[in-house]
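So in the working numbering, the last spot in the sequence shown is 225, and the numbers never skip. A quick write-up on the structure given underneath.
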Amino acid sequence: MGRGTGNGAGDGRALALHGLRYEIAGRVLLDGVSLQVAAGESAAVVGPSGSGKSTLLGCALGLIRPSGGSVEVAGANLTRMRQRRLERHRSGHIGVVFQFGELLPELTPVENVALAALLGGTGTREAYARSETLLAELGVPYQGVSTGHLSGGERQRVAVARALVNEPSVLLADEPTGALDAATRDGVTDLLFSVPKRWGCALVVVTHDPVVAGRADQCWALEGATLVRRDTGVRR
């Protein structure tokens, strides 16, 4: 696995959102939202349910097209791409960790991680080798066990491995600790915030948890359809 390659733009910005605007059913969810996160850096976005956090992540993923502004990932503007090129760019440059992992419980951890690599165009042997290496590095038991028999924290570690297997420029995490108890949350949080430096990518975490948000290099609140810089007061 590559380390510290900085697969972002030439100026170091792996993710750059510029002036995003998005409106649905007469409600403005994003109004001039901008955010820049460099390779090796982390950002957290907080806000109440319905504030537009998921919409913001959807735009960063290229799943939602904003009515205004641009989304740049690894130096390429997603908002100008045709669907097929967008899907290739997303697969090669963006990894995602969801709140409930979204893993296939009947598969082994290695198979869950390798599947993402295979879908990204990696050959079978390399996909499985990458998967085993990542899971070993992240401390996940992966031999002789199905994913459905892992603990909640172990499943989230598998989800992180799956998100990293294609060596993304940007890792997006949507409430990654929301379904975990406090002790497990702390372990997964430690892992997530070690990722930017260890794997040379940008990390953006959407969370309700101020403890998790306080670990980020930069923290923002989505209020009134705009991002407002926040000082969480939690020391890393």
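Don't be surprised by glycine CBs; every beta carbon is placed ideally from N, CA and C. The structure presented is a predicted model; accordingly, all values stated were derived computationally and were not measured.
- Here the stretch 100 to 118 makes no contact with the stretch 41 to 51; the two share fewer than three CB pairs at distances below 8 angstroms.
- Taking a cut-off of 8 angstroms on C-beta distances, the stretch 67 to 78 does not touch the stretch 132 to 146, as fewer than three cross pairs fall below it.
- Here L127 is buried: its Cβ has 16 or more other Cβ atoms, across all protein chains shown, within 10 Å.
- Here DSSP, grouped into helix, strand and coil, assigns Y131 to coil.
- Burial state of G203 is buried, judged by a 10 Å Cβ sphere holding 16 or more other Cβ atoms.
- Relative to D20, the option among A27, E12, D220 whose CA is nearest is E12.
- Inter-residue distance for A28 and L4 is about 8 angstroms (C-alpha atoms, whole angstroms).
- In this structure the stretch 87 to 102 does not lie against the stretch 49 to 62, because fewer than three pairs of beta carbons, one per stretch, are closer than 8 angstroms.
- In the structure shown, V154 falls within a coil segment according to DSSP collapsed to helix, strand and coil.
- Taking C-beta atoms under 8 angstroms as the contact rule, V177 and L169 qualify, at a distance of about 6 angstroms.
- The distance from the Cβ of V194 to that of A33 is about 5 angstroms, consistent with a contact at the 8 angstroms cut-off.
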